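Just below is one structure, and these are the notes that go with it.
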Amino acid sequence: NIKFNVNIPEEILSYKIVPGTLQVIMENSVLYNIVSDIQPLEIDCVLKKDNYLVIKNKLNKRLYREPIKYNRIENIKKAYAYYTDRPLEEKIVTGNFFITVPLLELDEAAKEHST
872 NIKFNVNIPE
882 EILSYKIVPG
892 TLQVIMENSV
902 LYNIVSDIQP
912 LEIDCVLKKD
922 NYLVIKNKLN
932 KRLYREPIKY
942 NRIENIKKAY
952 AYYTDRPLEE
962 KIVTGNFFIT
972 VPLLELDEAA
982 KEHST
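The structure is reproduced here in structure tokens:
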């Protein structure tokens, strides 16, 4: 009972994100929110200006969840800090959880050196 709404223009498909980013964000959404037939989880993915991917879900927090030993979102933030000065940001606004993910452009010279 998870619904994904993706509204991303085709021209940005050449941009990249750090591997594992979407998986961690989706797992985080399921971990922190109630997901059921009565209360489905709806996740929206849209492009924001300046080449950011915005992922949003309505907060429907669980009453209880197992304690988490480490924050995987923080690990993704550290990975982005390695590749770019543009941060991955998370915030809560009017009952919605937002994660803003910078889209990365691969430098052609860097691609040549890595092969």
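Residue numbers in the sequence shown follow the numbering used here, run continuously in steps of one, and reach 986 at the last position.
Beta carbons are placed, not taken as given, at the ideal position from N, Cα and C, and that holds for glycine.
None of these values were measured; they are calculated from a predicted model.
Beta-bridge pairing of residue i - partner residues as DSSP gives them
i: lysine 929; result: Asn967
i: proline 890; result: DSSP lists no partner for proline 890.
i: isoleucine 873; result: Leu912
i: tyrosine 923; result: Lys919, Pro973
i: asparagine 899; result: Asparagine 899 is not bridged to any residue.
Three-way DSSP call (helix, strand, coil) for residue i in this model
i: leucine 884; result: helix
i: asparagine 942; result: coil
Own chain residues within Cβ distance below 7 Å of residue i, not counting five before or after
i: serine 907; result: Asn872
i: tyrosine 951; result: Val889, Pro958, Leu959, Pro973
i: threonine 955; result: Pro973, Leu975
i: leucine 977; result: Lys887
i: glycine 966; result: Lys929, Leu930
Sequence-distant residues of its chain with Cβ nearer than 6 Å to residue i (five each side left out)
i: asparagine 876; result: Asp915
i: isoleucine 879; result: Leu918
i: asparagine 904; result: Leu912, Asn931
i: histidine 984; result: Note that histidine 984 has pLDDT 45, beneath the 50 cutoff, so the model's placement of it is unreliable and the number below is only indicative. Hits under 6 Å: none found.
i: glutamine 894; result: none
i: alanine 980; result: A caution first: alanine 980 carries a pLDDT of 41, below 50, which makes its placement in the model too unreliable to give a value.
i: isoleucine 896; result: Ile926, Ile970
Cβ separation of residue i and residue j, assumed to be a contact under 8 Å, to the nearest whole Å
i: asparagine 899; j: arginine 943; result: 7 Å
i: leucine 884; j: leucine 924; result: Not really, about 12 Å apart at Cβ, beyond 8 Å.
i: tyrosine 836; j: asparagine 922; result: One cannot answer for residue 836 here, as it falls past the ends of the chain, which runs 872 to 986.
i: isoleucine 963; j: threonine 892; result: In fact, because the Cβ distance is near 19 Å, the residues do not count as touching under 8 Å.
Same chain only: Cβ atoms within 8 Å of residue i, ignoring 5 sequence neighbours per side
i: glutamate 961; result: Ile944, Phe968, Phe969, Ile970, Thr971
For residue i, the first and last residue of its enclosing alpha helix (DSSP H)
i: arginine 957; result: Note, arginine 957: premise wrong, no alpha helix (DSSP H); not H, not E.
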